[in-house]
Amino acid sequence: MTDSGLPGNIVKILIDLYGKVSNTVKWNNCFSRCVIVKSGICQGGILSPLLFNIYTDCLILGLKSSYMRGSFVGCIAYADDLLLLYGSVALLQKNAKHVF
């Protein structure tokens, strides 16, 4: 986020805000145990579209000039869909573990 130009104090606020998220599930008047959410953004949250755009922008810019083990990696993006382009699905899955 700091690489995208957001001020450090804003990033710290977002880390604090999203670092304390937990969920429970209610089913037939029974509640599950509390689960700490370690990744993702709040669905329907007012900041969610902005945070998603910042993340995908950084991802696309990173892919723009990247090579994974000597092969070009690209993508096609439309709305909230992202298609990774690579020479082989099997090689992408194998090599992505070392990069991402």
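End of the sequence shown = 100 in my numbering, gap-free, step of one. Built from N, CA and C at the ideal position, the CB exists for glycine as well.
Check the DSSP bridge columns for residue i and list the partner residues they point to.
i, result
"Ile36", "Ser22"
"Asp57", "Its beta-bridge partners do not exist; DSSP assigns none."
"Tyr86", "DSSP output for Tyr86 lists no bridge partner at all."
Check whether the Cβ atoms of residue i and residue j lie closer than 9 Å to each other.
i, j, result
"Ser48", "Val37", "no"
"Leu59", "Cys42", "no"
Taking residue i as the reference, give the member of the options with the closest Cα.
i, options, result
"Leu92", "Leu82, Val73, Phe31", "Val73"
"Ala79", "Ala90, Lys12, Phe52", "Phe52"
"Lys26", "Ser39, Ala77, Asp57, Val35", "Val35"
"Leu82", "Gly45, Ser71, Leu63", "Leu63"
"Gly5", "Ala90, Asp16, Asp57, Asn29", "Asp57"
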